[in-house]
Amino acid sequence: MGFIALNRIEGYELLTQKVYKVLKEAILKGDISKGERLVELQIARQLGTSRTPVREAIHRLAMEGLVELVPNQGAFVAGISLRDVEEVFQIRSVLEGLAVKLFALRWDEGKMMELESKLCEMRKAIGKGDIVSYADSDSKFHRLLWLFSGNNRLLKVLDSVVPYIDAYRLRSLHIPGVMEKSFEDHLNLVDLLKRRDAEGAEILMRKHVERVLERVLNMGREEH
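Positions in the sequence shown are counted from 1; adding 295 to them yields my numbering.
Dropping the structure here:
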């Protein structure tokens, strides 16, 4: 098989969850290609586990649509279509809009300072032209917003869907001017949150996510 050798799993954490996370990340990053067969024994050896947690992880990925189980043939990576990406972005637009609205209504100065700290990291990354560091700080900024919403179910849903599109979002940041425009959106969002403008923050966040979606879809169409 041609997929990347995965780090050996050690320790006493729940193995199925760890195997699931490793496989999911490898699929989403493209380390395991669409159409590639997932061989339980080989994966188990690479990860240093038995076949049982690998089998359970594969079935969980199949339930999420990332793996296709073919009778008498095995498990194959299903990949992610542009339609899948569009649907996830639509979910993200609505839920992230709600997250910032909820945070604006339960405003907290200490939490605002945490957001501003991430803005400083993003500004430094732009100055260095470091796209990977920018994307990392950007992701942490957004997750803080989900956390600060105070809605645990919203946080769990976003945590489950956003990994599907992180790889696409990172690629879109390579487009000239995109990183700077993204940062401008974040600055404006923080300003709205400081003014406790819940409606304005929700509108801006939804527009921000929709702009990212438009760029990602344009990239996908060009590649096809």
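Glycine is no exception: its CB is placed at the ideal position from the N, C-alpha and C atoms.
Using a Cβ-Cβ cutoff of less than 7 Å, which residues in the same chain neighbour residue i once the five nearest sequence positions on both sides are dropped?
i: Phe398; result: Leu440, Phe443, Ser444 and Leu488
i: Arg510; result: Ser467, Ile470 and Val473
i: Val485; result: Leu410, Glu411 and Leu414
i: Val456; result: Val383, Ile386 and Arg387
i: Glu381; result: Leu508 and Leu512
i: Arg350; result: Glu335
i: Ala493; result: Lys396, Ala399 and Leu400
On the three-state DSSP scale, how would you describe residue i?
i: Val365; result: strand
i: Val372; result: strand
i: His437; result: helix
i: Glu359; result: coil
i: Gly472; result: coil
i: Asn446; result: coil
i: Ile327; result: coil
i: Gly297; result: At Gly297 the pLDDT is 44, less than 50, meaning the model places this residue with poor confidence and gives no usable figure here.
i: Tyr307; result: Low confidence applies to Tyr307: its pLDDT is 37, below 50, so where it sits in the model is not reliable, and the reading given next is rough at best. Tyr307: coil per DSSP, three-state reduction.
Return the chain-ordered list of same chain residues with a C-beta closer than 6 Å to the C-beta of residue i, the five sequence neighbours on each side being excluded.
i: Asp480; result: His503
i: Lys522; result: Not covered by the structure: residue 522. The range shown for the chain is 296 to 519.
i: Leu310; result: Thr344 and Pro348
i: Ala352; result: Thr311, Val314, Tyr315 and Leu318
i: Ile338; result: Val349
i: Gly405; result: none
i: Trp402; result: Arg491
What does the Cβ neighbour count give for residue i, buried or exposed, with the cut at 16 atoms within 10 Å?
i: His469; result: exposed
i: Gly306; result: Model confidence at Gly306 stands at a pLDDT of 48, short of 50, so the residue's coordinates are unreliable; what they give is reported in the following sentence. Its Cβ having fewer than 16 others within 10 Å, Gly306 is exposed.
i: Thr347; result: exposed
i: Lys476; result: exposed
i: Asn513; result: exposed
i: Ser521; result: Because the chain spans 296 through 519 in this model, residue 521 falls outside it and cannot be assessed.
i: Lys396; result: buried
i: Glu497; result: buried
i: Val365; result: exposed
i: Arg490; result: exposed
i: Leu342; result: buried
i: Arg516; result: exposed
i: Leu499; result: buried
i: Val362; result: buried
i: Arg501; result: buried
i: Glu505; result: exposed
Quick check on the DSSP output: the alpha helix (DSSP H) that includes residue i runs from which residue to which?
i: Ser345; result: Here Ser345 belongs to no alpha helix (DSSP H), and DSSP marks it neither H nor E.
i: Ile421; result: Glu404 to Lys423
i: Ile520; result: The requested residue 520 does not occur in the structure, where the chain is confined to residues 296 to 519.
i: Asp492; result: No alpha helix (DSSP H) holds Asp492; DSSP gives it neither H nor E.
i: Ser467; result: Pro458 to Ser467
i: Leu310; result: Leu310 to Lys324
Could you tell me which residues DSSP puts in a beta bridge with residue i?
i: Arg332; result: Phe371
Leaving out five residues before and five after residue i in sequence, what residues of the same chain have Cβ atoms less than 8 Å from its Cβ?
i: Pro458; result: Lys319, Glu320 and Leu323
i: Arg418; result: Phe478
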